[in-house]
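Residue numbers (this note's numbering): 46 to 269.
Encoded as structure tokens, the structure appears first; notes follow it.
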Amino acid sequence: MCFSDDDETDLTHAELFADSARGVFIPQHFAESVNREMVFGVSDSDFADLMKGPESKWYWETWESVLNNAILHSPKNGECYLFQDGDLWIVPKEQEQEEPETDSPFSFIIEICPYEGRATVCTISGDSIIGTEYESDFLDCTGSGDAEPACDYIRSQYSISWRIVARNKSGRYENRAATAKEKEQTAREIYFDSESDFADERLAEIYLIWQAAHDVESEKESGE
């Protein structure tokens with residue numbers, strides 16, 4: 046079993062997913078009940094192992110991996126991780142609990158994930174850019190024709206905070222600035238058929254902006 050013994054975990058804003066009364070069936074309950082569309086870092090085979098229950102050979106090993114690697118997108122609290130102290134909690138990342146920056150030098154955030162092949166954009170306070178001054182510029186990137194000039198305009202015109210959710214040296218997830226290598230890895234994961242040189246940071250950023258723009262386009266269309 047893997048129960049965290051981190052006494053400093055702040056559960057003030059956490060959501061209780063399962064209480065300790067479920068005992069050894071908490072991992073199975075998680076696999077059966079969680080909205081899998083909001084879970085990242087957990088494979089279909091991991092869910093299958095947990096669904097088999099505590100008699101499964103890989104049940105506890107898989108659960109330990111899930112506790113250590115799962116990232117959940119909570120509609121209420123944004124990016125979260127799992128914490129078990131007997132009860133199972135969905136805990137917002139510390140950065141999500143901080144007050145929004147009101148005097149940030151950045152225009153907006155582009156968050157990348159090299160393992161999920163994902164690049165999304167939001168305001169500095171974590172909200173959608175739909176309805177903001179940036180919306181039209183991102184939608185320009187998804188029009189017909191060569192998208193590079195529109196994406197390069199965003200890159201050069203605005204101050205972008207490139208962020209990534211990754212483990213720190215203590216093994217905890219943190220939201221930090223993304224490195225050039227992580228941008229390269231994310232671009233390669235998204236555009237795996239491309240022969241572009243994503244080691245060129247400028248080019249990688251242009252492609253990631255393009256991906257984020259398509260996410261904005263999808264969000265806008267789903268809201269219409």
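Heads up, the beta-carbon is just placed ideally off N, CA and C, and yes, glycines get one too.
Only counting the same chain, and skipping five residues up and downstream in sequence, which positions put a Cβ closer than 7 angstroms to that of residue i?
i      : result
Gly190 : none
Asp52  : Low confidence applies here, because Asp52 scores a pLDDT of 44, under 50, leaving its location unreliable; read the following figure in that light. Correct list: empty, nothing qualifies.
Thr168 : Phe153, Ile174, Thr177
Ala76  : Phe92, Leu95, Met96
Glu262 : Leu184, Thr187
Leu253 : Ile155, Ile157, Ala164, Lys228, Thr231, Ala232
Please classify residue i: does DSSP put it in a helix, a strand, or coil?
i      : result
Pro99  : coil
Ile116 : strand
Thr107 : helix
Pro145 : Residue confidence is low: Pro145 scores 47 on pLDDT, short of 50, so the model does not pin down where it sits. No coordinate-derived value is stated.
Pro159 : coil
Gly268 : helix
Pro137 : strand
Ala164 : strand
Ser49  : With a pLDDT of 36 at Ser49, under the threshold of 50, the modelled position of this residue cannot be trusted; read the value that follows with caution. Ser49 falls in the coil class under three-state DSSP.
Could you say which of the options lies nearest to residue i if we only look at CA atoms?
i      : options                        : result
Phe327 : Lys265, Ile155, Glu161, Asp238 : This structure does not reach residue 327, given that the chain is present from 46 up to 269, and the question cannot be answered.
Ala232 : Phe128, Ala222, Ile251         : Ile251
Asp172 : Pro159, Arg163, Ser181, Ile155 : Ile155
Glu193 : Ser241, Ser101, Val69          : Ser241
Asp89  : Thr107, Ala223, Lys102         : Thr107
Below 8 angstroms CB to CB, which residues in the same chain sit around residue i once its five sequence neighbours on both sides are set aside?
i      : result
Lys121 : Glu60
Ser119 : Glu60, Met83, Cys125, Ile135, Pro137
Val229 : In the sequence as displayed, the identity of residue 229 is Glu instead of Val. Counting only Cβ-Cβ distances below 8 angstroms, and skipping sequence neighbours, we find Phe243, Ala244, Glu246, Ala249.
Could you give the first and the last residue of the continuous beta strand (DSSP E) run that contains residue i?
i      : result
Phe183 : Element bounds for Phe183: not the beta strand (DSSP E) but the alpha helix (DSSP H), 180-185.
Leu127 : 123-129
Among residues of its own chain, excluding the 5 on either side of residue i, which ones have a beta-carbon nearer than 6 angstroms to its beta-carbon?
i      : result
Phe62  : Leu133, Ile135
Ile71  : Ala63, Leu133
Gly131 : Ser65
Tyr203 : Ser152
Ala258 : Phe183, Cys186, Thr187
Trp207 : Ile155, Ala223
Hey, is residue i's beta-carbon within less than 9 angstroms of any beta-carbon in chain C?
i      : result
Asp182 : Among the chains of the structure shown, chain C does not appear; only one protein chain is present.
Requested in this report: Within the stretch 197-260, note down every full alpha helix (DSSP H) run reaching 4 residues or more, in order along the chain.
Outcome: 225-235
**Report entry** Ordered list of alpha helix (DSSP H) runs contained in the stretch 58-96, each at least 4 residues
**Finding:** 71-78, 89-96
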